[in-house]
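Each residue of the sequence shown is one higher than the last, beginning at 1082 in our numbering. Think of the CB as a built atom: it goes at the ideal place given N, C-alpha and C, for glycine as much as any other residue. Only a predicted model underlies this, so the values are computations on that prediction, with no experimental measurement involved.
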Amino acid sequence: MERPQVRGSHATTGAAAALTAGLLRYSVQSSSFTQPAPVLKAAAPSSRPLAARSTGPAPSVATGRDAAACAAVGAGALAGLISLQGSARKSGPRGLRTTTRIVTRSLAECPYTVYGSKDVDIEAEHQPAKDYFAPTEVKMPSELAGDVEGQRKYFAENLPKIYQDLKKHGAVIFRGFEISRDEKMFQDVGRALELEACEDPLHSVAARDAVNKEAGVYEAVNKPSRRKFYVGMHNEMVGNRAPGAAIFVCFKAAEEGGEFLLADGRKMFSELDKDWLREVYNREIQYSTAEFPMGFLEGLPDFAQSAVEPLAYGVMQQALKMKVDFDTQLSWEKSTYDGSKILQVRAMPQLPIVRHPATGEPVWWGSMHSHAEYLRHKRESTFGEEGFAETTGASRINKTDTYYADNGTRVEDDRLEHLDEVTKKSVVTVKMEPGDMVLLDNYMVMHGRCPFEGTRKHAVTWYKSPDYSKAAA
């Protein structure tokens, strides 16, 4: 449930930090340079497509001590790459592009994202919201109290009705069940509902803690360091993979806050401005998912920067290929944090509107609300600077933002304000108690989480899409 940061982006943080550290560690030898450090002027992000952006000036030739210092920086890049490669080989069972291995799986792979054809007719299909855009609630029948086996049978016998409700409402909230208070028995609910559990979409980068990894029970953003972080609304997706459904469960509620949030993508589509929907659908969206500090390069003479920038770019590009199993793009940018040079990682272009794989309805899709830097800063003013710094601002690498895919420009602040307004109107707040569960369709409903105080233990299991042919008519 964390903001998917290459959600798409927790993805490369640890290993790439090793690369950056390697570059930094060895680049200190460049202190033998006698030329003054150049002063770089901040420039607006390029408006050209990312694929057409320059990776840096052509390398120049250095001699003597300067050549030795450049070689030291190159050694740093190599050391970082070796460190990152070692990390990548330990990152999880999914096969990496550079390594062939035999893998034994206890869970199915997370499915590839189903975007379908780009055929949504915004003009014709942008209609007023229907009245069924709200989760439905199911309370455990009182006669099943203390009867765990009876509770298992309840889910199996009521599968057609539960699937019918899920297909219509996008989410079903289960309250009072005892079978879901236990981490092991909780998995019986998914089995009774004939849902096939799958790996976390972050699996290949090992970025999410597990309550029970073999069973596919993952932590749902409980860390005290993230207690003040408002998890913006998003559909679960990393790179090119997205689960079809999920069951979120509460084992222990926070002493204060920590409510689970739901927003129906169909309602979002129906209430967002039609002209902007048409524009953003045509232009598509790209998320930046990480940025690696390269400010130390600014302390090098011009000719050294020209030599080292392409090297750093190439090493980082190769490192990303080893660490993640989906395509990314790199771009030289200026950090909004301190104006220093960075290498920014962007996920591949994505559609912000998709047709639901089963119903064919158009739904607002993705992570714009959670990934937009402007909205995160806006939430900081509400939930406190300390909490924001602990979770996002202080994490220089794991930083995200939203861009139009056709020319790489940021989504405008006024558009994000509009998105935030519509999102807030669409959100349903769910206060969960121990044993409460939320079954949701990941293609239909977005999710998020409120800040909290105290100790919170929520978890999630991801599933492939339900077989809605089993739903009651």
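Can you tell me whether Gly1482 is helix, strand or coil according to DSSP? First, the residue type needs correcting, since residue 1482 is Asp and not Gly in the sequence shown. Strand.
Can you list, in chain order, the residues of its chain with a C-beta nearer than 6 Å to that of Val1492? Leave out the 5 residues immediately preceding and following it. Thr1483
Using only alpha-carbon positions, find the residue among Ser1412, Leu1500 and Gly1489 that is nearest to Ser1451. Leu1500
Look up Lys1415 in the DSSP assignment and say whether it is helix, strand or coil. strand
Let me make sure I understand the geometry here. Which of Phe1350, Tyr1299 and Asp1548 has the alpha-carbon closest to that of Lys1538? Tyr1299
Between Tyr1418, Gly1535, Met1397 and Ile1366, which lies nearest to Arg1307 when the distance is taken from Cα to Cα? Gly1535
Using the C-alpha atoms, what's the distance from Ala1344 back to Pro1216? 9 Å
In three-state terms, what does DSSP make of Leu1188? coil
Shortest alpha-carbon distance to Glu1275 belongs to which of Asn1239, Met1403 and Gln1367? Asn1239
Below 8 Å on the Cβ atoms is my guess for Ala1350 versus Pro1222; work out the distance and round it to an integer in Å. For the sequence presented, residue 1350 should be read as Phe rather than Ala. Not a contact, Cβ separation roughly 36 Å.
Restricting to runs no shorter than 4 residues, where is the alpha helix (DSSP H) found entirely within the segment 1339-1365? 1346-1352 and 1355-1364
Own chain residues within Cβ distance below 6 Å of Pro1138, not counting five before or after: Only weak support exists for where Pro1138 lies, its pLDDT of 35 falling under 50; the value from the coordinates is given anyway. So the list reads Ser1387, once near-sequence residues are dropped.
How would you call Pro1515, buried or exposed, if buried means at least 16 neighbouring beta carbons within 10 angstroms? exposed
DSSP three-state label for Ala1552, please. coil
For Gly1197 and Glu1365, what's the separation of their Cα atoms in angstroms? 14 Å
In three-state DSSP terms, what is Ser1070? Here the chain covers residues 1082 to 1554 and nothing more, so residue 1070 does not appear.
For Thr1504, name the three-state secondary structure that DSSP assigns. helix
Which listed residue (Pro1241, Phe1329 and Lys1480) has its alpha carbon closest to that of Asp1281: Phe1329
By the 10 Å Cβ neighbour count, where 16 or more other Cβ atoms means buried, how is Lys1404 classified, buried or exposed? buried
Just to confirm the assignment, what range does the beta strand (DSSP E) spanning Ala1428 have? Lys1422 to Ala1428
On the premise that Lys1545 lies in contact with Glu1277, defined as a C-beta separation below 8 Å, what is that separation, rounded to the nearest angstrom? 5 Å
Tell me which residues share the same chain as Pro1532 and place their Cβ nearer than 8 Å to its Cβ, disregarding the 5 neighbours each side in the sequence. Arg1308, Lys1309, Phe1310, Tyr1311, Gly1338, Gly1339, Phe1464 and Gly1468
Sheet register partners of Cys1279 (DSSP bridge): Ala1189
Per DSSP, which residues does Leu1521 bridge with? Please list them. Ala1252 and Ala1327
Applying the 10 Å Cβ sphere with the 16-neighbour rule, what's the burial state of Gln1208? exposed
By DSSP, does Glu1379 sit in helix, in strand, or in coil? helix
Which residue's Cα is closest to the Cα of Val1253: Gly1529, Thr1542, Met1518 and Pro1547? Met1518
Are Arg1322 and Ala1273 touching if we call contact CB-CB under 9 Å? no
Answer with buried or exposed for Thr1510, where buried requires no fewer than 16 other C-beta atoms within 10 angstroms of its C-beta. exposed
Where Tyr1213 falls, given that 16 or more other Cβ within 10 Å makes a residue buried: exposed
Name the DSSP bridge partner or partners of Ile1434? Trp1445
Helix, strand or coil for Ser1198, going by three-state DSSP, please let me know. coil
Taking all protein chains shown into account, decide if Ser1187 is buried (16 or more other Cβ within 10 angstroms of its Cβ) or exposed. exposed
I need the DSSP call for Ser1462, collapsed to helix, strand or coil. helix
Beta carbon of Arg1347, beta carbon of Ala1210: below 9 Å? yes
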